[in-house]
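Those letters in the sequence shown? Residues 20 to 125, per my numbering, in order.
Note that the Cβ used here is the ideal one computed from N, Cα and C, for glycine as well.
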Amino acid sequence: MPARIVYATFPSVAAAEEMARALVEARLVACANILPEMVSIYRWEGRIERGTEAVMMLKTTSERAAEVVEAVRAAHPYDVPAIVVLPLDGGLPAYLAWIAGEVAAG
């Protein structure tokens, strides 16, 4: 079962943690890694903006990735959140099997 990483940014660690806990409890993801602070520079509505955000990387399967994207989008406070799905090209077989087992167990 191929694995995927869903990358998303959040306005705060607290918001990312709340989302991560819900996704792990629902068995949509096996694991969530939260990087507490990054600086983002971007153009929004014609202006250059600067903000700090938390980065979250969610480990799931290819079969559940679309559900994870939709769950994050539905609960996200941004109008247009950064949510992308990244394929995993290999990795430690035991770890990939653990992801599949944790997600499939739901």
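Closest residue to residue i among the options (Cα-Cα distance)
i, options, result
"VAL91", "ALA34, GLY70, ALA123, ALA22", "ALA34"
"ALA73", "ARG62, ALA85, TRP117, PRO55", "PRO55"
"ARG83", "ILE60, ALA27, LEU42, ARG66", "LEU42"
"MET57", "SER31, ALA113, LEU115", "SER31"
As assigned by DSSP and simplified to three states, the class of residue i
i, result
"LEU107", "coil"
"GLU72", "strand"
"TYR61", "strand"
"VAL25", "strand"
"PRO112", "helix"
"LEU54", "strand"
Backbone CA spacing between residue i and residue j [nearest angstrom]
i, j, result
"ALA45", "GLY120", "13 Å"
"GLU36", "GLY109", "27 Å"
"MET38", "ALA85", "16 Å"
"SER81", "TYR114", "15 Å"
"ILE53", "MET76", "7 Å"
Spatial neighbours of residue i in its chain, beta-carbon cut-off 7 Å, leaving aside the 5 residues before and after
i, result
"LYS78", "ALA22, ILE24, VAL48, ALA49, CYS50, ILE118"
Own chain residues within Cβ distance below 6 Å of residue i, not counting five before or after
i, result
"ARG69", "ILE60"
Buried versus exposed call for residue i [16 or more other C-beta atoms within 10 Å across all chains shown]
i, result
"ILE102", "buried"
Heavy atom of the ligand MN within 7 Å of residue i beta-carbon
i, result
"ILE102", "With respect to the ligand MN, the structure offers nothing, as it holds no ligand at all."
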